[in-house]
Amino acid sequence: MTEIDLNNLGALSLEALADYKEKIEKAFLEKQVENKKQALDQIKSLVDTGGITPQELATHLGFTLGTAEAAEKPARKSKGQKIPAKYSDPVTGKTWTGRGMRPKWFSAYIDQGRKAEEFEIK
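Counting from 1 along the sequence shown, just add 778 to a position and that's the residue number in my numbering.
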């Protein structure tokens with residue numbers, strides 16, 4: 779690569795400066811990736827030789843990893859439970875909980891200018 783006179787950058791054309799900028803940014807990013815990989819390789823080597831577990835390392839760094847206790851926790855009680863219907867179509871009797879995508883019948887009524895409250899199950 780040719781030497782750049784940093785004291786005389788103003789003498790370069792805009793195209794030349796843009797070319798140098800692109801090359802510098804690319805080299806900078808490549809060097810960052812290389813340095814990160816080297817650092818991670820060093821950490822892995824130290825962890826392997828020191829007998830440190832990933833959980834111990836994460837805890838020391840202030841992170842938490844999933845634990846066996848967390849995996850054994852029961853799912854939320856509401857998961858899988860039926861939700862009572864909130865809206866009903868007065869013509870067909872079809873219902874909707876108010877969650878998820880609007881059913882076509884509900885959207886059609888709203889598009890006609892009617893209010894959602896008209897279809898609430900009381």
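Beta carbons: idealized from backbone N, C-alpha and C, even for Gly. Please read all numbers here as calculations on a predicted model, not as lab measurements.
Query raised in the report: Are there three or more Cβ pairs, one per stretch, closer than 8 Å when the stretch 860-868 is compared with the stretch 887-899?
Result: Enough Cβ pairs lie closer than 8 Å, so yes.
Report task. Indicate the three-state DSSP secondary structure (helix, strand or coil) for GLN866 in the structure shown. Result -> This sequence places Ser at residue 866; Gln is not what is there. In this structure, DSSP gives SER866 an extended state, which the three-state scheme calls strand.
**Report entry** ASP719 versus LYS814 - alpha carbon distance
**Finding:** Residue 719 falls outside the range modelled here, since the chain spans only 779 to 900, and no answer is possible.
Report task. With a 10 Å radius around its C-beta and 16 neighbouring C-beta atoms as the bar for buried, classify PHE841 as buried or exposed. Result -> A residue is called buried once 16 or more other Cβ atoms fall within 10 Å of its Cβ, and PHE841, having fewer, is exposed.
Query - Straight-line gap, LEU790 to ALA805 (C-alpha atoms, nearest Å) - result: Roughly 20 Å separates the two Cα atoms.
Query raised in the report: With respect to the alpha helix (DSSP H) encompassing THR837, which residues constitute its N-terminal and C-terminal limits?
Result: The continuous alpha helix (DSSP H) containing THR837 extends over residues 832-839.
Query raised in the report: In whole angstroms, what separates the C-alpha of GLU834 from that of VAL825?
Result: Going by C-alpha positions, GLU834 is about 10 Å away from VAL825.
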